[in-house]
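Asker: By our numbering, the letter at position 113 of the sequence shown is numbered 1266, and the numbering carries on one by one without gaps.
Before anything else, here's the structure in question.
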Amino acid sequence: MTPSSPAPLTVIPPVSRQVCVVGAGYVGLTAAACLSHLGHRVRCLEADEHRLNQLRHGRVPIHEPGLDELVAEGMASGRLSFLDDTEQALRGAEVALLCVGTPPQPNGEPDLGHLAAAARQLARAAARDLIIVVKSTVPPGSCEALELIVAAEARAGVRIRVASSPEFLRESQAVADFLAPDRVVVGAEEREVAEVVVSLYPPGSQVVHCDRRGAELVKYAANTMLAVKISFANEVARLCEALGTDAATVLEGVGLDSRIGAAFLRPGPGYGGSCLPKDVAGFRAVGAALDVPTPVADAAERQNVLARESVTDKLRLSLGRLAGARIAVLGLAFKPGTDDTRDSPGVAIARWLVAAGAQLRCHDPLTGPMAGLGRWEPTPEAAVTGADATVITIGCEEFRHLDLTALAERMAGHVLIDAAGVIDLDAAAAAGLSVYGVGRGTALDFHPIVWAPLQWAHPVAVPTC
Ligand SMILES: NC(=O)c1ccc[n+]([C@@H]2O[C@H](COP(=O)([O-])OP(=O)(O)OC[C@H]3O[C@@H](n4cnc5c(N)ncnc54)[C@H](O)[C@@H]3O)[C@@H](O)[C@H]2O)c1
1154 MTPSSPAPLT
1164 VIPPVSRQVC
1174 VVGAGYVGLT
1184 AAACLSHLGH
1194 RVRCLEADEH
1204 RLNQLRHGRV
1214 PIHEPGLDEL
1224 VAEGMASGRL
1234 SFLDDTEQAL
1244 RGAEVALLCV
1254 GTPPQPNGEP
1264 DLGHLAAAAR
1274 QLARAAARDL
1284 IIVVKSTVPP
1294 GSCEALELIV
1304 AAEARAGVRI
1314 RVASSPEFLR
1324 ESQAVADFLA
1334 PDRVVVGAEE
1344 REVAEVVVSL
1354 YPPGSQVVHC
1364 DRRGAELVKY
1374 AANTMLAVKI
1384 SFANEVARLC
1394 EALGTDAATV
1404 LEGVGLDSRI
1414 GAAFLRPGPG
1424 YGGSCLPKDV
1434 AGFRAVGAAL
1444 DVPTPVADAA
1454 ERQNVLARES
1464 VTDKLRLSLG
1474 RLAGARIAVL
1484 GLAFKPGTDD
1494 TRDSPGVAIA
1504 RWLVAAGAQL
1514 RCHDPLTGPM
1524 AGLGRWEPTP
1534 EAAVTGADAT
1544 VITIGCEEFR
1554 HLDLTALAER
1564 MAGHVLIDAA
1574 GVIDLDAAAA
1584 AGLSVYGVGR
1594 GTALDFHPIV
1604 WAPLQWAHPV
1614 AVPTC
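Structure (structure tokens):
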């Protein structure tokens, strides 16, 4: 039997384990709270003093539906605590989850410095055998490398094994995803290790068990596939704009094919966040390191740059200029339902506009003000007042239900760039707004004569008249 096709894992009845979670960010804090909810006893290590203090006082530093309640439940039950002392956090623990950041470096390769430091920290403090589970997103081969690093640091007689179990939660539904995952991926060559890892998760989860390199690649490949779908939707949207047809309907027609699926086939300002851009770059970096071309991932990244640029192009073309233009940007988070602005299309667009000399007023329902992005406004109404143009970058409820007549009255101009595809075009037209969307709305580069298919239908030249 090959390591990538092991026999199905034995189903273990629910057990309560002592777990150490390293890093209380989106992944670590969600995992810690959900694991304690599932009955495990969790000690969560956090290096950031401010974040740790907030958590010790029961304050959850990130916005995730249901997370506050689970953290409160875990702390009240005594099954969840937050610490900065590694030895104390490891006391009695047989498993430690590594959930620290793996940010991209300028060349696209992930920075594994935090991960290696955290693994060393665990290895030095472990007084008994330990299984380290890497939940952070890492390139294939990382777990094997970490195992060598920790072996060099471990105390005499202590055996530390490293397994992979990448995290797939989506920000804004992190708790729901952790408690009802589509699948749990476990990379461990030893069955005993794999079974311990599986026993942490909700009973009944669908498990994919493979070797560590395979598990690590699942995460990169899954996020690259999602990015490819988004970029393909944006490519179709560009064609729709030139043809004067509606991308949402075209993509609905594509996505209803059960072989393709509708998820992530929505046009917009491109993908962003802390995962997709980083993981596509990581996937490409793995290809480059192995001398394996990755043209599909390369193209997804190129199309994503075009998607962001197309928003500023529409503004420039519809306003005639950006310098001095008063522009309202609605949406700084990278998607609705989160306060995360990491690699957000809205922030990238706002930065370009500032660099082009526009005067910005920004609003987002969940993020706070951001330095260097013009004036922050507490409501969308305040942000659009006096604006020559308004840009909507995310499809949150607040922007879906904007009163378009009131919006048009408050604005000085009439240009609305609906990059999120949330505006009712008829209502906007009735309010006197000119909407430029992604693959819908008013076309800026409409090609009225589709002459090419006529020529393609004839083996000989079409006579001109
Ligand atoms: N955010 C997501 O939606 C998501 C989803 C799936 C996978 N991931 C992956 O999970 C990993 C973590 O992502 P995140 O968004 O939770 O990161 P994050 O930056 O929000 O959180 C990381 C936390 O780890 C802490 N930390 C760093 N080193 C530490 C140490 N030695 N000891 C204790 N604490 C330490 C940091 O202070 C921070 O609070 C990344 O590899 C990411 O790619 C993220």
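Ideal Cβ placement from N, Cα and C applies to all residues, glycine included.
State whether the region 1481 to 1495 contacts the region 1412 to 1426, with contact taken as three or more CB pairs (one from each stretch) at a distance under 8 angstroms.
Answerer: The region 1481 to 1495 vs the region 1412 to 1426: in contact.
Asker: Under 8 angstroms between the Cβ atoms of Asn1376 and Ala1460?
Answerer: Contact: no.
Asker: Can you tell me whether DSSP reads Gln1456 as helix, strand or coil?
Answerer: DSSP places Gln1456 in helix when its eight states are reduced to three.
Asker: Identify whether Arg1212 lies in helix, strand or coil by the three-state DSSP scheme.
Answerer: Arg1212: coil per DSSP, three-state reduction.
Asker: Can the beta-carbon of Leu1236 be found closer than 8 angstroms to that of Ala1242?
Answerer: Taking 8 angstroms as the Cβ cut-off, Leu1236 and Ala1242 qualify as a contacting pair.
Asker: Which runs of the beta strand (DSSP E) at least 3 residues long sit entirely within the region 1244 to 1327? Give them in chain order.
Answerer: Whole beta strand (DSSP E) segments, 3+ residues: 1248 to 1251, 1283 to 1287 and 1313 to 1317.
Asker: Going by beta-carbon coordinates alone, are His1516 and Pro1533 separated by less than 8 angstroms?
Answerer: Yes; because the gap between Cβ atoms is below 8 angstroms, this pair is in contact.
Asker: Between Arg1212 and Ile1413, what straight-line distance do the alpha-carbon atoms span, to the nearest angstrom?
Answerer: Roughly 42 angstroms separates the two Cα atoms.
Asker: Apart from the five residues just before and just after Cys1393, which ones in its own chain have a Cβ nearer than 7 angstroms to its Cβ?
Answerer: So the qualifying residues of the chain are Asp1399, Ala1400, Val1403 and Gly1592.
Asker: Shorter than 7 angstroms, the distance from the beta carbon of Lys1488 to the closest heavy atom of ligand 1, or not?
Answerer: Every heavy atom of ligand 1 is 7 angstroms or more from the Cβ of Lys1488, so no.
Asker: Give me the Cα-Cα distance between Ala1200 and Ala1280, rounded to the nearest whole angstrom.
Answerer: Looking at the two C-alpha atoms, the distance is approximately 21 angstroms.
Asker: Classify Met1154: buried if its beta carbon has 16 or more other beta carbons within 10 angstroms, exposed otherwise.
Answerer: In this predicted model, Met1154 has a pLDDT of only 38, less than 50, meaning its place in the structure is not dependable; the value taken from the coordinates is given anyway. Exposed, by the Cβ-count rule.
Asker: Taking the beta carbon of Asn1457 as the centre, do at least 16 other beta carbons fall within 10 Å, making it buried, or is it exposed?
Answerer: Classification for Asn1457: buried.
Asker: Quick check on this structure: which residue in Val1433, Glu1530 and Lys1467 has the alpha carbon closest to the alpha carbon of Asp1496?
Answerer: Nearest option by C-alpha distance: Val1433.
Asker: In terms of residue numbering, what span does the alpha helix (DSSP H) encompassing Leu1198 cover?
Answerer: Premise fails: Leu1198 lies in the beta strand (DSSP E), Arg1194 to Leu1198, not in any alpha helix (DSSP H).
Asker: Taking the C-alpha atoms as reference points, what is the distance between Ile1545 and Asp1556?
Answerer: Approximately 14 angstroms between the Cα atoms of the pair.
Asker: Where does Ser1463 fall in DSSP's three states?
Answerer: In the structure shown, Ser1463 sits in a helix (DSSP, three-state: H, G or I).
Asker: Whole angstroms are fine: how far does the CA of Asp1579 sit from the CA of Glu1462?
Answerer: Going by the C-alpha atoms only, they are around 26 angstroms apart.
Asker: Suppose the cutoff is 7 angstroms on Cβ atoms and the five residues either side in sequence are ignored; what does the same chain contact list for Gly1408 look like?
Answerer: Excluding positions up to five away in sequence, the list reads Gly1414, Ala1415 and Leu1418.
Asker: Return yes when the Cβ of Gly1435 is within less than 8 angstroms of the Cβ of Asp1263, no when it is not.
Answerer: In the sequence on display, residue 1263 carries Pro and not Asp. Result yes, Cβ atoms of Pro1263 and Gly1435 sit closer than 8 angstroms.
Asker: Tell me which residues share the same chain as Tyr1179 and place their Cβ nearer than 8 angstroms to its Cβ, disregarding the 5 neighbours each side in the sequence.
Answerer: Here the set comprises Ile1215, Glu1217, Leu1322, Glu1324, Ala1327, Ser1427 and Asp1493.
Asker: The beta strand (DSSP E) with Arg1504 in it runs from where to where?
Answerer: Unbroken run through Arg1504 is the alpha helix (DSSP H), Pro1498 to Ala1508; no beta strand (DSSP E).
Asker: For Trp1625, list the residues DSSP reports as bridge partners.
Answerer: What the structure shows of the chain is the stretch from 1154 to 1618, and residue 1625 is not part of that stretch, so it cannot be assessed.
Asker: Using a threshold of 8 angstroms, state whether the C-beta atoms of Ile1480 and Leu1513 are closer than that.
Answerer: Taking 8 angstroms as the Cβ cut-off, Ile1480 and Leu1513 qualify as a contacting pair.
Asker: Which parts of the region 1510 to 1574 are runs of the alpha helix (DSSP H), unbroken and 4 residues or longer, counting only runs that do not cross its ends?
Answerer: Runs of the alpha helix (DSSP H) inside the region 1510 to 1574: 1533 to 1537, 1550 to 1553 and 1557 to 1563.
Asker: Please list, in chain order, all residues of the same chain as Gly1294 whose beta carbon is under 7 angstroms from its beta carbon, the five residues on each side excluded.
Answerer: Within the same chain, Gly1294 has close Cβ partners Arg1366.
Asker: Output the boundary residues of the beta strand (DSSP E) element that contains Ser1234.
Answerer: Element bounds for Ser1234: Leu1233 to Leu1236.
Asker: Considering Ala1481, what are the terminal residues of the beta strand (DSSP E) in which it resides?
Answerer: Segment Arg1479 to Leu1483, the beta strand (DSSP E) holding Ala1481.
Asker: Which residues in the same chain as Ala1271 place their Cβ atom closer than 6 angstroms to its Cβ, once the five residues preceding and following it in sequence are excluded?
Answerer: Excluding residues within five positions, the ones whose Cβ falls inside 6 angstroms are Val1175, Leu1251 and Val1253.
Asker: Determine the DSSP secondary structure at Val1339, reduced to helix, strand or coil.
Answerer: Strand at Val1339.
Asker: Does DSSP put Val1361 in a helix, in a strand, or in coil?
Answerer: Val1361: strand per DSSP, three-state reduction.
Asker: Alpha carbon to alpha carbon, how far is Thr1558 from Ala1584? Give it in angstroms, no decimals.
Answerer: Straight-line Cα distance between these residues: approximately 5 angstroms.
Asker: Does Ser1587 come out as helix, strand or coil in the three-state DSSP assignment?
Answerer: Of the three classes helix, strand and coil, the one that applies to Ser1587 here is strand, per DSSP.
Asker: Per DSSP, what kind of secondary structure is Val1403 in: helix, strand or coil?
Answerer: Three-state DSSP puts Val1403 in a helix.
Asker: Does the beta carbon of Asp1201 fall short of 7 angstroms from some heavy atom of ligand 1?
Answerer: It does: the Cβ of Asp1201 is within 7 angstroms (strictly closer) of some heavy atom of ligand 1.
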